[in-house]
Each structure stands twice: as structure tokens, then as C-alpha cells.
Amino acid sequence: MSTLPAVDGLLADMAEQLRAHLSARQISDPAFVGIHTGGVWVAEALHSKVAPEAPMGTLDIAFYRDDFEQHGLPQRVRPSELPFTVDDRHIILVDDVLMTGRTIRAALNELFDYGRPASVTFATLIDVDARQLPIRADILGASLALPAGQRVKLSGPSPLQLTLTAATN
Numbered sequence: 001m002s003t004l005p006a007v008d009g010l011l012a013d014m015a016e017q018l019r020a021h022l023s024a025r026q027i028s029d030p031a032f033v034g035i036h037t038g039g040v041w042v043a044e045a046l047h048s049k050v051a052p053e054a055p056m057g058t059l060d061i062a063f064y065r066d067d068f069e070q071h072g073l074p075q076r077v078r079p080s081e082l083p084f085t086v087d088d089r090h091i092i093l094v095d096d097v098l099m100t101g102r103t104i105r106a107a108l109n110e111l112f113d114y115g116r117p118a119s120v121t122f123a124t125l126i127d128v129d130a131r132q133l134p135i136r137a138d139i140l141g142a143s144l145a146l147p148a149g150q151r152v153k154l155s156g157p158s159p160l161q162l163t164l165t166a167a168t169n
């Protein structure tokens with residue numbers, strides 16, 4: 001695969017999908033939660049396109065990962081910030097790349113430590129089919145099939161751009 005899709009086009013498609021999703025479920029007051037780091041960038045873009053008046057929060061799931069004993073904690077752990085009540089709120093959980101599903105599992109665990117949402121809608125820019133857990137996106141920019149040894153990475157925050165990198169374990 002030599003070319004990756006343009007992020008702006010994916011975000012426009014995702015915003016349209018998200019508006020339709022919220023309308024179909026009669027959700028008028030969602031809250032956006034981006035997973036550090038790339039998920040926050042994608043969440044901010046969707047937030048501004050779909051519901052700029054909605055509250056916005058961030059999660060750093062470093063302490064909730066099931067592999068930090070193997071890989072250690074990242075050098076930079078940020079505090080999670082949810083400046084709204086999670087209980088009974090419709091949450092739009094956003095990440096940049098869905099691969100194994102483990103990041104989303106960790107994010108859901110952390111989110112539920114803050115309270116019990118009415119619903120969680122998961123949006124991701126890219127889905128790389130390498131799932132280890134039964135997790136799928138409700139709102140999706142694009143699906144990619146990557147050769148073994150490659151990963152897709154979102155760089156930003158401005159401009160947002162996708163690149164292919166070698167996998168690191």
C-alpha cells in the first residue's frame with residue numbers, strides 16, 4: 001500500500017456519519033472524549049464539526065493498559081480530564097487507530113471508573129484489521145489492511161497526517 005487516505009476527507013466522512021448516528025438515536029447532548037494523543041486530535045476535529053457546544057474531555061489510559069508491565073509506562077503520562085459528569089451521559093469515545101482493541105478496552109475501563117454513561121459510541125479514524133478483542137468502531141474513517149511489520153501513525157496536531165511506520169514491539 002503506497003498511499004494513505006487524506007485525513008481531512010476521512011474527518012468529513014466521519015462527521016457526517018456521527019451526525020446521522022446521533023440523530024438516529026435522538027442524542028442531542030453528547031460529550032466527546034479523546035484518547036491521548038492522536039485520539040484527542042481526531043476528537044477535537046469531530047467536536048468542532050459536529051457539536052462545538054458539547055463538552056470535551058481526554059483520557060490517558062497508560063495505567064489501564066494490560067501490557068505496561070511488559071513495555072513499561074510511556075515517558076509522558078498525562079492526567080485524564082473529564083470536566084463533566086459521566087453518569088447518564090452519551091459519550092463519543094475517539095481514538096486515531098483501532099488495531100488490537102486493547103486501547104479501547106483500557107479506555108472503557110477508565111471511563112467507567114468515572115461513572116456509568118448512558119451510552120458509548122466509538123469513533124476511530126483508521127481500523128487496521130488485527131483485532132485481539134471483539135471491539136469495532138461505530139464511526140469509521142477507513143479500514144486498512146497492512147502487511148506484517150507495518151503500522152499506521154497519525155502525526156499532528158496541525159496538519160493531521162497519516163504515515164506508515166515499521167512495527168515496534
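Mapping the sequence shown onto full-length UniProt numbering, position 70 (from 1) lands on 70, and the numbers just tick up by one.
Cβ atoms here follow ideal geometry from the backbone N, Cα and C, with glycine treated the same way.
| Check | Outcome |
| --- | --- |
| G115 to D87 span [Cα, whole Å] | 5 Å |
| For A142 and L10, believed in contact at Cβ under 8 Å, the rounded distance | 6 Å |
| Chain-order list of residues whose beta-carbon lies under 8 Å from that of R78 (same chain, five-residue window excluded) | H36, T58, D60 |
| Every unbroken beta strand (DSSP E) inside the UniProt domain "Phosphoribosyltransferase" (11 to 138) [3 residues or more] | 31 to 35, 56 to 59, 90 to 98, 119 to 128 |
| N- and C-terminal bounds of the beta strand (DSSP E) containing L154 | 150 to 155 |
| Where R89 falls, given that 16 or more other Cβ within 10 Å makes a residue buried | buried |
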